[in-house]
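Protein sequences, first through last, are from chains A and B. Position 45 of the first sequence, counted from 1, bears residue number 45 in the numbering used here, the numbering being contiguous throughout. Position 71 of the second sequence, counted from 1, bears residue number 1071 in the numbering used here, the numbering being contiguous throughout.
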Amino acid sequence: ETGVTQSPTHLIKTRGQQVTLRCSSQSGHNTVSWYQQALGQGPQFIFQYYREEENGRGNFPPRFSGLQFPNYSSELNVNALELDDSALYLCASSVATSGGKRDTQYFGPGTRLTVL
Amino acid sequence: GQNIDQPTEMTATEGAIVQINCTYQTSGFNGLFWYQQHAGEAPTFLSYNVLDGLEEKGRFSSFLSRSKGYSYLLLKELQMKDSASYLCAVRGLSASKIIFGSGTRLSIRP
């Protein structure tokens, strides 16, 4: 158990809808990263949040957006859902200082999103 | 471009040793991670290498050669519970971004 929690566990949406996924980071961690993992593939980096600001982004369109709150929990929002958005969405928390300390990322259990 | 290569599948026998290789080409290098992922579960951290050499942690060891863009994960005394996917991941120039390989699915037979 990493102490990182995600909700919901599973979600079914239809094409064109919007979805919000939530993540609570491990105690003492102030950085949250989000990943998309398609079946049989490795996780793909979506973005990272540090101190409530986006701190890096992968090759995902703007309809993927996020937030981080003062308690370091985070949300991933996806607008205009497409069939290819069906995947496991993972969040990972880590410690980062203002100097950019590089630390290990610990993953939550994920949210399985199905788009019909 | 940025690329991480690892074998798609491997099979080994309970009690034996297996080595899972990973080669990478990334823009800069700030560390390499190995994660284990059981089917339907989240990845769990196994090891982190940032300097060349071997890091040993119980039955698992990880090796890094930065000049060759190469790493391997060595699993000893294999157990049935070691059947899982093993993910190689590299942190490049951007400290925030970690690039994952597609994973190696390891099957352990009795």
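Ideal placement from N, C-alpha and C gives every residue a C-beta, glycine not left out.
Item to check | Length of the line joining the Cα atoms of S1061/B and E52/A | outcome: Going from the Cα of S1061/B to the Cα of E52/A covers about 36 Å.
Checklist entry - Out of curiosity, what's the CA-to-CA distance linking L1073/B and G16/A? => result Counting only the Cα atoms, G16/A lies some 42 Å from L1073/B.
Item to check | Interface flag, F64/A vs chain B, CB-CB below 8 Å | outcome: No, its Cβ sits nowhere closer than 8 Å to a Cβ of chain B.
Item to check | Minimum Cβ-Cβ distance from S98/A to chain B less than 8 Å | outcome: With a pLDDT of 45 at S98/A, under the threshold of 50, the predicted position of this residue should be treated as unreliable, though the coordinate-derived value follows. So no, S98/A is outside the interface.
Checklist entry - Could you give the residue range of the beta strand (DSSP E) that holds M1010/B? => result That run of the beta strand (DSSP E) goes 1009-1013.
Next on the checklist: Taking a contact to mean a Cβ-Cβ separation below 8 Å, would you say G1101/B touches G42/A in this structure?
Outcome noted: Inclusion of G1101/B and G42/A in the CB contact set at 8 Å is warranted, their separation being smaller than that value.
Checklist entry - P109/A touches chain B at which residues, Cβ-Cβ below 9 Å? => result Correct list: E1041, A1042.
Checklist entry - Residues of chain B with a CB under 8 Å from the CB of T104/A: which are they? => result The contacting residues are F1033, F1045, Y1048.
Next on the checklist: For a cutoff of 8 Å on Cβ pairs, would you count G42/A as touching chain B?
Outcome noted: It does; some Cβ of chain B falls within 8 Å.
Checklist entry - What are the start and end residues of the beta strand (DSSP E) that includes L1106/B? => result Annotation for L1106/B: the continuous beta strand (DSSP E) segment containing it runs 1104-1109.
Checklist entry - For L1074/B, which of helix, strand or coil comes out of DSSP? => result Looking at L1074/B - three-state DSSP - the assignment turns out to be strand.
Next on the checklist: Against F1100/B, what residues of chain A qualify as contacts under a CB-to-CB distance less than 9 Å, listed in chain order?
Outcome noted: Chain-ordered, the chain A residues with CB closer than 9 Å to the CB of F1100/B read Y35, Q37, Q41, G42, P43, Q44, F45.
Checklist entry - Within this structure, are the beta carbons of V46/A and L11/A separated by less than 8 Å? => result Sequence check: residue 46/A is Ile here, not Val. It is not a contact, given that the beta carbons lie outside the stated cut-off.
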